[in-house]
Amino acid sequence: MKRKFNFSAGPSTLPVQVLEEIQREIVNYRGSGMSLIEASHRGADYEAVHNECIENVRTLLEVPENYQILLMGGGATLQFGMIPLNLLQFAAKERAADYVISGVWAKKAHQDAQQLGATHIAYDGASTNYTTLPETLSLSQDPVYVHITSNETIGGLRWVDWPDTGEAPLICDMSSDIMSRPIPVEKFGLIYAGAQKNLGPAGVTLVIVRDDILQSSPAQLPAYLRYSVHAENNSLYNTPPVFSIYAMNLVLRWVKKQGGAKKMQELAEQKAELIYSAVNESEGFYTSPVDQKYRSLMNVVFQIADKTLDSTFIEEAAKHGMVGLKGHRSVGGLRASLYNAMPVSGAEALADFMRSFATRRR
Ligand SMILES: *Cc1c(COP(=O)(O)O)cnc(C)c1O
């Protein structure tokens with residue numbers, strides 16, 4: 002079987018070595034006579050996987066001791082609500098949570114916070130159609146926290162340096178670029194990421210949270226919605242998404258073997274450069290709407306000047322084994338997602354195809 006190069010934004014490509022390992026182990030987990038997904042989540046086999054997964058996150062992202070690593074369900078979307086549930090709704094009425102509206106995902110996070118308390122928009126990219134990021138933020142007086150989105154998966158832009166938010170905890174949705182670069186975790190109060198872009202299959206969400214923020218979890222909330230409950234129970238308060246965590250651990254082992262987050266960053270730069278170069282060298286056949294300074298390394302958004310060629314591009318690329326290139330319906334055009342598991346050869350194949358397509362069609 003020839004594997005396709007899958008440029009989908011999420012769920013997205015996984016390392017083939019990980020898929021093969023799952024295949025080898027799925028029926029009879031290490032001679033246990035049963036599958037790990039049939040085993041008790043309180044048993045020794047699963048517990049070892051669970052703890053190794055958490056430990057791998059700690060090592061790979063150099064997470065300091067005063068941060069807890071949680072594995073939860075509900076996707077990044079549940080975090081949109083859980084963050085204001087835990088931090089904003091019981092905060093003093095005159096204080097707001099600040100949101101940086103950098104694109105579709107940030108906007109969704111903000112909408113959930115608005116249901117629960119006062120919010121302040123520290124930046125809104127609407128006037129530039131969400132193609133750039135601010136140099137400075139206009140923060141409210143004493144914000145409860147400041148929320149940013151490290152990489153806008155749909156718009157194709159990312160924070161290069163992290164903003165300074167003073168005393169206010171910086172909270173970041175890293176769903177689409179976690180583990181693609183080293184992160185100075187100590188600059189953040191809380192980091193979260195749905196797994197299905199860079200960490201594994203859908204179903205598990207990673208939360209990295211500082212101890213002092215955990216301690217402010219309100220007792221009035223239902224148990225599952227309190228960060229402190231997950232931390233006190235080592236993310237085993239209820240049945241965790243065992244398959245997703247098992248697969249995520251295999252992905253983390255793979256990242257380790259490749260050379261860790263720093264190596265992922267080098268590869269991400271190399272892959273993105275291949276595609277952006279094909280755009281830049283096309284003399285206007287392809288364009289990227291995103292401010293050069295903030296272009297994403299994970300989701301390369303580009304357009305064909307003659308929009309009528311989009312569908313031909315997608316069809317021809319599919320014939321060459323490259324799929325998932327259609328842009329999000331809200332942006333249009335094309336998008337190549339180059340997550341960790343996309344090999345450099347995939348980016349090379351796409352860049353070559355882009356050049357030959359432009360030559361044939363201009
Ligand atoms: C995909 C994505 C989400 C939504 O994640 P779910 O796990 O589907 O809830 C949120 N934020 C960003 C930046 C994303 O890329």
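Quick note, the sequence shown lines up with residues 2 to 363 if you use the working numbering.
Don't be surprised by glycine CBs; every beta carbon is placed ideally from N, CA and C.
Note that this is a predicted model, so its numbers are computed, not measured.
Please confirm whether Asp113 and Gly82 have their CB atoms less than 8 Å apart. Yes.
On the DSSP bridge assignment, give the partners of Gln69 in chain order. In DSSP, Gln69 forms a bridge with Val210.
Please classify Lys198 as buried or exposed, where buried requires at least 16 other C-beta atoms within 10 Å of its C-beta. When all chains shown are included, Lys198 counts as buried.
Since Ile149 contacts Pro135 with CB under 8 Å, what's their CB separation in whole angstroms? That pair is no contact at about 10 Å.
In chain order, what residues of the same chain lie with their CB nearer than 6 Å to the CB of Asp125, ignoring the 5 residues before and after it? Ile102.
Go ahead and label Ser151 buried or exposed: buried means 16 or more other beta carbons lie within 10 angstroms of its beta carbon, across all protein chains shown. Flag for Ser151 reads buried.
Just list the residues that DSSP pairs Gly74 with in beta bridges. Per DSSP, none; premise fails for Gly74.
Check whether the region 228-244 and the region 177-187 touch, using three or more Cβ-Cβ pairs below 8 Å as the test. Segment contact: the region 228-244 against the region 177-187, fewer than three CB-CB distances shorter than 8 Å; contact not assigned.
Can you name the start and end residues of the alpha helix (DSSP H) that Arg330 belongs to? Premise fails: Arg330 is in no alpha helix (DSSP H) and is neither H nor E.
Can Lys108 be considered in contact with ligand 1, in the sense that its beta carbon sits closer than 7 Å to one or more heavy atoms? No - ligand 1 has no heavy atom lying nearer than 7 Å to the Cβ of Lys108.
Do Leu171 and Gly195 have their CB atoms nearer than 8 Å? No.
Give the straight-line distance between the Cα atoms of Glu63 and Glu187, rounded to the nearest whole angstrom. Rounded to the nearest whole angstrom, the CA to CA distance from Glu63 to Glu187 is 10 Å.
Rounded to the nearest angstrom, how far is the Cβ of Leu117 from that of Gln90, given a contact under 8 Å? Indeed, because the Cβ distance is near 4 Å, the residues count as touching under 8 Å.
Beta-ladder partner(s) of Phe6, from DSSP: Answer by DSSP bridge pairing, in chain order: Met323.
To which residues of the same chain is Phe8 closer than 6 Å at the C-beta, ignoring the five residues directly before and after it? Setting aside the 5 residues that flank it on each side, Phe8 is surrounded in the same chain by Gly325, Leu326, Ala337, Ser338, each with a C-beta closer than 6 Å to its C-beta; the list follows chain order.
Top-ranked residue by Cα proximity to Ala342, from Ile38, Trp255, Ala40: Nearest Cα to Ala342 within the set Ile38, Trp255, Ala40: Trp255.
Compute the beta-carbon to beta-carbon distance between Val252 and Gly204, rounded to the nearest angstrom, for a pair I have assumed lies under 8 Å. That pair is no contact at about 13 Å.
At the level of alpha carbons, what is the spacing between Val145 and Asn87? Roughly 11 Å between the two C-alpha positions.
So, Ser141 versus Asp178, is the Cβ gap smaller than 8 Å? It is not a contact, given that the beta carbons lie outside the stated cut-off.
Straight-line CA distance for Tyr277 to Arg330? Taken atom to atom, the span from the alpha-carbon of Tyr277 to that of Arg330 is near 21 Å.
Using a 10 Å radius around the Cβ and a threshold of 16 neighbouring Cβ atoms, would you call Asn29 buried or exposed? By the beta-carbon neighbour count (other beta carbons within 10 angstroms, threshold 16), Asn29 is exposed.
Tell me which residue opens and which closes the beta strand (DSSP E) that Ser338 is part of. Per DSSP, Ser338 belongs to the beta strand (DSSP E) from 335-338.
Between which two residues does the beta strand (DSSP E) carrying Phe303 extend? From DSSP, the beta strand (DSSP E) with Phe303 extends over 300-305.
Between which two residues does the alpha helix (DSSP H) harbouring Asp46 extend? Per DSSP, Asp46 belongs to the alpha helix (DSSP H) from 45-61.
Using the C-alpha atoms, what's the distance from Met175 back to Gly167? Taking the straight line joining both Cα atoms gives about 20 Å.
Would you say Thr129 faces chain C, with C-beta separation under 8 Å as the test? Protein chain content of the structure displayed is limited to a single chain, and chain C is not contained in it.
Per DSSP, Leu158 forms a beta bridge with which residues? Answer is Glu153, Arg296, bridged to Leu158.
For Pro219, which residues in the same chain have their Cβ closer than 6 Å to its Cβ, ignoring the five residues on either side in sequence? Within the same chain, Pro219 has close Cβ partners Phe91.
Would you call the CB atoms of Gly157 and Asn300 closer than 8 Å? Taking a C-beta distance under 8 Å as the contact criterion, Gly157 and Asn300 qualify as a contact pair.
Assuming contact is defined by CB atoms lying nearer than 8 Å, are Leu335 and Phe314 in contact in what I supplied? Taking 8 Å as the Cβ cut-off, Leu335 and Phe314 qualify as a contacting pair.
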